[in-house]
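Let me begin by presenting the structure, written as structure tokens, before commenting on it.
There are 2 protein chains.
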Amino acid sequence: MAEKKYCIKTETLAGFAKALGHPARIAIMKFLAKQDTCYFGDIHEELPIAKATVSQHLTALKDAGLIQGEIETPKVKYCINRENWAYAQQLFSEFFNMELCEKNEDCCK
Amino acid sequence: MAEKKYCIKTETLAGFAKALGHPARIAIMKFLAKQDTCYFGDIHEELPIAKATVSQHLTALKDAGLIQGEIETPKVKYCINRENWAYAQQLFSEFFNMELCEKNEDCCK
DNA sequence: GAATTTGGTCGCAAAATTACGAACAATATT
DNA sequence: AATATTGTTCGTAATTTTGCGACCAAATTC
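If you read the protein sequences in the order shown, they are chains G and D. Just so we're aligned: 52 in this note's numbering is position 52 of the first sequence, and the numbers increase by one with no gaps anywhere. Numbers given in this note's numbering equal positions in the second sequence, counted from 1, plus 109.
Structure follows, in structure tokens:
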């Protein structure tokens, strides 16, 4: 296992950011957010990539905790993991709302 | 050049997320936000990695538009690019605040 | 029980990322 | 003009990511 060189919040935020750091995965999250039926097939249809690749991206999002899947044989239904979604939202919000040092406002032009 | 398979906002958001998808780069942004002196050397001191690697991460953040650098020979001063920072903030805010479909609330347990 | 449907997994290839030391460039100092 | 300081670039290695086709597994249907 990789050792932690940074504080846990930094690692966690980076982990969420990394999971969101691909357009296909952003597209998946946007799609899931607005759908009430979110089967694998629907997601696959929406994306310009092979199903094996879609499955990989879904696994990445699941590993990051941003989504979860449930088997409804023979289909698989995915949805946003609201608890972790809210946590990610909070971490990003804290990150972007930290006050920027004013002295430094025009350090670079 | 890579063709765009996704909408521009999705690509842009993913680009910002990707740039933030490493703990060292999160740590750099946090450090820059609170410092009024933000020379390369200060950033390097703060991180547990070699200076060549720090330089690479700074380049990644610069390419993403999140920071900018200015030469103050013999040092280099970095700071947050406030315009793009604000845009990233907006894109993430829109993303996390899109309303989630209610019908789907308990699609997975 | 063969065929179909739905997705996941495997194996592979190409490309990108991460990390480092060494060498380099530019300026300032001795 | 040598030396020192500051930070980038180069070359390299190891790992990870991305993407795909082919195959596999489970359940249903013919």
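In this text, a Cβ means the ideal position worked out from N, Cα and C, and glycines have one as well. Since the structure is predicted, the reported quantities are computational estimates derived from the model, not experimental observations.
Shown here, G:E99 sits in coil according to DSSP, grouped into three states, outside any helix or strand. Across the stretch 13 to 24 of chain G, CB contacts with chain D closer than 9 Å involve L13, A14, G15, F16, A17, K18, A19, L20, G21, H22, P23, A24, in sequence order along the chain. Residues of the same chain with a CB within less than 7 Å of the CB of G:R25, apart from the 5 flanking positions on each side, are A19, H57, A60, L61 in chain order. When G:K30, G:I49, G:A88, G:F96 are compared, the shortest CA-CA separation from D:Q199 is found for G:F96. Close to G:P48, with beta-carbon spacing below 9 Å, are these residues of chain D in chain order: K114, Y115. For G:Q35, the three-state secondary structure derived from DSSP is coil. For chain D, the residues of the stretch 32 to 45 of chain G that bring a beta carbon within less than 9 Å of one of its beta carbons are L32, A33, K34, Q35, D36, T37, C38, in chain order. In terms of beta-carbon proximity, G:E11 lines the interface with chain D, with at least one pair separated by less than 9 Å.
Proximity of G:S55 to chain D, defined by a Cβ-Cβ separation below 9 Å, is not satisfied.
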